[in-house]
Each structure stands twice: as C-alpha cells, then as structure tokens.
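Numbering (the numbering used here), first residue to last: 264 to 362.
Here it is as structure tokens:
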C-alpha cells in the first residue's frame, strides 16, 4: 500500500490551498476527506494488516489527521523540506502497515 495520502492529492489543487491552511475549517475538511476515502483506504488497510474493521478505521483516522497536521505545519509547500518529511512519514507508515 504505497499511495499518496488523501489530503495531499486534494491539496495539490491551488484552489484548495488557502482552505487547507485555515484552522477553523480543518475538522470539516478532514471529515470530508475521510468520507471520500474511507471505502477505499479502510479495506486496503485491512487487507494489508489483518486488522478488524474498527481497528483499520482508527488507523485510517490516525494517518489522515497526522498527515494533515504535518502538511499544514509545512504550509503545504512542496519544497525540499516537505519532500524529506514525506519520505520519513511514508517509510514510517508503510513499515507499520507491512509489519
């Protein structure tokens, strides 16, 4: 399971960039992303980890919220620093899933 995080795929669009930086709408954005991605990501997590549905859903929430927070702290700017952190986080997440 090596896909681009949900929030990154959506944040690639310039029209959403300012919304992703607005703390007052973060929960709403995360909920919308979760609703959109849930049926794809949760079964994939279950297949790769052997987790039960509720466990995979909790892991999905953790990954989504954590990724969103890190990316917002980096201002969603895709520069050298951003790519370095994406690699670190990707390795961390994938190692846990593969374990």
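For every residue, glycine included, the Cβ atom is placed at its ideal position computed from N, Cα and C. Quick caveat: nothing in here was measured; it's all calculated off a predicted structure.
DSSP state of residue i mapped onto helix, strand, coil
| i | result |
| --- | --- |
| residue 289 | helix |
| residue 337 | coil |
| residue 328 | helix |
| residue 319 | helix |
| residue 265 | Low local confidence applies: a pLDDT of 48 at residue 265 is under 50, so the model's placement there is unreliable, with the coordinate-based value given in what follows. If DSSP states are grouped into helix, strand and coil, residue 265 belongs with coil. |
Endpoints, alpha helix (DSSP H) assigned at residue i
| i | result |
| --- | --- |
| residue 368 | Outside the shown range of the chain, which is 264 to 362, sits residue 368, and nothing can be said about it. |
Cβ shell of residue i (< 6 Å), same chain only, five flanking positions each side left out
| i | result |
| --- | --- |
| residue 264 | Note that residue 264 scores a pLDDT of 48, beneath 50, so its modelled location is shaky; the value from the coordinates is reported in the next line. Excluding sequence neighbours, residue 264 sits near 307, 311 and 360. |
Any C-beta of chain B under 8 Å from that of residue i
| i | result |
| --- | --- |
| residue 282 | Of the chains in the structure shown, none is chain B; there is only one protein chain. |
Closer than 7 Å: residue i CB and nearest the ligand COA heavy atom
| i | result |
| --- | --- |
| residue 343 | This structure simply doesn't include the ligand COA, nor any ligand for that matter. |
Among the options, the one whose alpha carbon lies nearest that of residue i
| i | options | result |
| --- | --- | --- |
| residue 276 | 351, 316 and 339 | 339 |
Query raised in the report: Contact between the region 321-328 and the region 291-306: three or more CB pairs below 8 Å?
Result: yes
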